Every structure is written in structure tokens, then in C-alpha cells.
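So the protein sequences, as listed, match chains L and S. FYI, in the working numbering the residues of the first sequence are 10 to 96. FYI, in the working numbering the residues of the second sequence are 720 to 1063.
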Amino acid sequence: MTVRVRLPRVLTDTAAVAPRHEASGSTLGEVLESLFTTAPGLRQHLLDEEGRIRPHVLIFVDSVKSDLDTAVGRDADVQVLQAVSGG
Amino acid sequence: MKRIAVGTDKGAYLLQGSGSSWEVDGPMFPGWKVTAFGRAGDGAHLAAVGSNWFGIGIHRSSDFKEWGDTEAPPIWPEGSSRKMEQVWVFHDDGERLWAGVADAGLFVSEDGASTWAPVEGLNEHPTRPNWVPGFGGLCAHRILTGADRIWVAISAVGCFRSDDAGVTWEPKNDGIPAVDTADDAERPEVGYCIHGLAQDVSEPKRMWRQDHAGMFRSFDGGDTWVRIEEGLPAGFGFVIWRHSGTGRLFTVPLHSSASRVPVDGRLRVYASDDDGDSWQVAGTGWSDSPQYTGVLRGAFDGDDDGAFCVGTTGGKVWLTGDIGETWMELEPSFPRIAAVRILE
Chain L
10 MTVRVRLPRV LTDTAAVAPR HEASGSTLGE VLESLFTTAP GLRQHLLDEE GRIRPHVLIF
70 VDSVKSDLDT AVGRDADVQV LQAVSGG
Chain S
720 MKRIAVGTDK GAYLLQGSGS SWEVDGPMFP GWKVTAFGRA GDGAHLAAVG SNWFGIGIHR
780 SSDFKEWGDT EAPPIWPEGS SRKMEQVWVF HDDGERLWAG VADAGLFVSE DGASTWAPVE
840 GLNEHPTRPN WVPGFGGLCA HRILTGADRI WVAISAVGCF RSDDAGVTWE PKNDGIPAVD
900 TADDAERPEV GYCIHGLAQD VSEPKRMWRQ DHAGMFRSFD GGDTWVRIEE GLPAGFGFVI
960 WRHSGTGRLF TVPLHSSASR VPVDGRLRVY ASDDDGDSWQ VAGTGWSDSP QYTGVLRGAF
1020 DGDDDGAFCV GTTGGKVWLT GDIGETWMEL EPSFPRIAAV RILE
């Protein structure tokens, strides 16, 4: 199923990728793997060395903070945000 | 005209100009720390970036304007407890491209920074369990090559040398005081907080070392080190650079580990024309106004033409074009400077 993925500008400007993507998958992890096939450089920026979502990255599925095993429905809206941290 | 890349806590900038006239392009990589610059063997510019949120990245550019994110920067193997926090330095030896990173490690690329392989002999060195980070973290921040040897500086661990193309490594710190060790204690294998490393490119066994414990020199490739601080207002600092044509050495003394600013606020580059036997303030042009700002270990660069510059934690760039005879503080101000590189 197709879902929409939106990325923050601080990431897309530097990673030189589009801010909006279409991806597929039934879980958030599958959606991200789908995203990485078209934008492989994003993997290092969204996941850590152990394949987990980076500690200061938040990903929402239909406005609900989600994990890699969160189920993703048809036409879901996936939004990546950076946590408010740092200075 | 000179072009100088400036990497800061808030993006990269490109200074272009000469004399008192300088223009600034940027910021590039807005919102990201830019921690190192380099050149790949094919001539491509490299920039290492880091983010508190999105980890690290390595970008390539042919013109220092349009950048592309490489897809596979150095990464610790999955399951490793180490984190890839920052790329501290690039070094192109003419055949291979090396990168020093934090958590401390050495990686090598055979394809111009597209892919990287860990150098297991150093990264998994038997002393690794005793590697302890310093104030700047646990980082491999300087890489030198020459005469079929490789040297890597790791804070706060020490200098390592490989004589077999990176397969095996030995600590090279004899003569250096260990960090936080009593004078009469048994010398540990590691725990030497090296800050900077330079060498005579025509005779690589002649080396100079800015260490947490002071300024040192080795004429035997790092096997033994002797202190060389005559004329310096303080032994502490991060900068050591050697002009290959004249042999002139440059450093920027800071008060101490506890107070990492110039003594009495007198920011000065010091020079030595006798291999470090003696030091004096380099040239003229320095400000009489107090400048309580430091220079970090990646924030200096020079070229064979006699240009040498330092970028300060206060965001200013000081430049000489005549091997240190006259100095100028460039007008533009930047965020805290982590890296500078003279492009041409």
C-alpha cells in the first residue's frame, strides 16, 4: 500500500533529497526500507548503527508517535521530525 | 586570490578574496556542524557534517557549491556499542583516502569516499578496552603517511604507528607524560592525550606533536619524544603545522587544560625556525585587544605558497600569506569554527 512520507527541511536540504516521498509497507520499518531504496543516503540519518530510529528523531504515523513495528495503513501520512533538543 | 573553506557549528562557508577584501558564500549545510574538509584522489572536495539529530554525513562536490551526500559513510558494524559521532579528519595519501572518526576509529576508502572499510588492526587494537575519552571525546583526529608508515593521533589515547600498511599498530608515546598519572607510576600503554601531529614530508621520521602535556618533537618516527617549549607562553594547545618549503613550525599556545584561552588574552601564532628548539611570536599584525578565544585541532591549514590560517572558537579567521611575517584578522565573523581548509 502507498503511504506519504514527509521529511524535515533541515534534513532534505543537506541530504539533497525531496521533502515528500511515496513509499510502501505495512509497518513503519517496511515503509522506511521502501524509502531507502529510492533515497539510500537517508538510512544513516534516520537509523542508528543498530538499526533503531535515532534517539532524537521522531516519526509520526497519522500524527501518532511511532516505532518501527507500528502498523501503517493505506494512505497513511508518515512525518519525520527532529526532536527539540540541542541549541 | 585565496579560497578558504570554513566549517562551523552552524554550517560551512567559503571565503574568497585577498588583502582586506573578502566575500563569503554560505551557509552550506545549514543547521549542521561541519567538522572536516578534504580532497579525494579524483580532486573532489569533501565535507564531513554532523547533526545532533541525524548523525553524520560525507558530501562530495566538484566545485564547492553543489554537494551530494555519499550513501555509505563510515559506520560501525551493526551490533557495535560504538557510535559514529563525528568525522574528524580526512587524509589522502595518493592511493587511498583515510578518515579518522569518533568513537575513535580509522577507516579507509578505495573509491574516493563512496564506501569505507574499518581498519581493524587499529580499531580493535588490544589496548582498546583501556581507551578513555578526553574532554573532546574519543576521537582519531590526525592521520599522517610517509615512508611506508602510517601515524594516527587518538585523543585521549596517544599516537599509533603502523609499519605494515595498517595491518598492525604500536603505540608511540615514549617521553610523553600520561594523563592524570603520578610521576612515579608505571607508564601505561595508552592514555596520552595527543592534540596535534605534524611531520617533515621530505623526511617523515621528523615529527612534531602538540600534546595535552606540552609541545614535543621526535626525530625517529615517534619512537621517542622530547619536550620543546622554549619561548612559548604555555605548552598547552591544539595546533602544530610545518611549512614544507622553509621548515617553519606554527602553533597557537593556550593557557592550560583548565583555561583553554590565550595567556592574558593575547591570541598569537608562535613560530619556530629551528625545529622547535625555540619559539617566538610569528610576525606582526596581531591585535592588542584581549581575545579570549581558542583554536581547535581541526581549525588550521596552510599551503606551500606560504599561506597559513587559523579559525577561532570566537568565529574569526586569522591569515598570513607570507609564511607568518604579517597577519590579518579577516572581517567576516562566523559561528564557532571547527575546521578550515585553504582550497587554493
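Ideal Cβ positions, reconstructed from N, Cα and C, are used throughout, including at glycine. These figures come from a predicted structure and were not determined experimentally.
- Within 7 Å of the CB of S/S828, no CB atom of chain L is found; the nearest one sits about 15 Å away.
- The continuous alpha helix (DSSP H) containing L/Q53 extends over residues R52 to L55.
- S/G954 has its alpha-carbon roughly 23 Å from the corresponding atom of S/E908.
- When Cβ pairs closer than 8 Å are counted between the two stretches, the region 780-798 of chain S is seen to touch the region 824-843 of chain S, the count reaching three or more.
- Counting along the chain, S/G840 sits inside the alpha helix (DSSP H) bounded by residues E839 to N842.
- The three-state secondary structure of L/R18, taken from DSSP, is helix.
- Across the structure, S/G865 and S/A917 are spaced so that their CA atoms are roughly 12 Å apart.
- Residues of chain S whose Cβ lies closer than 9 Å to the Cβ of L/G38 do not exist, since the nearest Cβ in that chain is about 15 Å away.
- Between S/V838 and chain L, the shortest Cβ-Cβ separation is not below 8 Å.
- If you look at S/E814, you'll find it isn't in any alpha helix (DSSP H); DSSP assigns it neither H nor E.
- Contact check for S/G819 against S/G760 fails: the beta carbons are separated by 8 Å or more.
- Ranked by Cα distance from S/M926, the options S/L951, S/G910 and S/H962 are led by S/H962.
- The region 1019-1035 of chain S makes contact with the region 720-727 of chain S; the number of CB pairs closer than 8 Å reaches 3 or more.
- The beta carbon of S/V958 sits closer than 7 Å to the beta carbons of G915, Q929, F969, T970, V971, V1014, F1019 and V1029 from its chain, once the five residues preceding and following it are set aside; these are given in chain order.
- Rounded to whole angstroms, S/T1039 and L/P28 show a C-alpha spacing of 43 Å.
- Residue burial annotation: S/P890 is buried, with at least 16 other C-beta atoms found within 10 angstroms of its C-beta.
- Among the residues of chain S, those whose CB is under 9 Å from the CB of L/V19 are P749, G750, W751, S770, W772 and F773, following chain order.
- S/W786 has its alpha-carbon roughly 34 Å from the corresponding atom of L/S35.
- Pairing S/G984 with S/H931, the inter-Cα distance amounts to about 20 Å.
- No Cβ-Cβ contact shorter than 8 Å links L/L51 with L/V81.
- The beta carbon of L/V66 falls within 8 Å of a beta carbon belonging to chain S, placing the residue at that interface.
- DSSP places L/L37 inside the alpha helix (DSSP H), whose first and last residues are L37 to T47.
- Around the Cβ of S/N849, a 10 Å sphere holds fewer than 16 other Cβ atoms; the residue is exposed.
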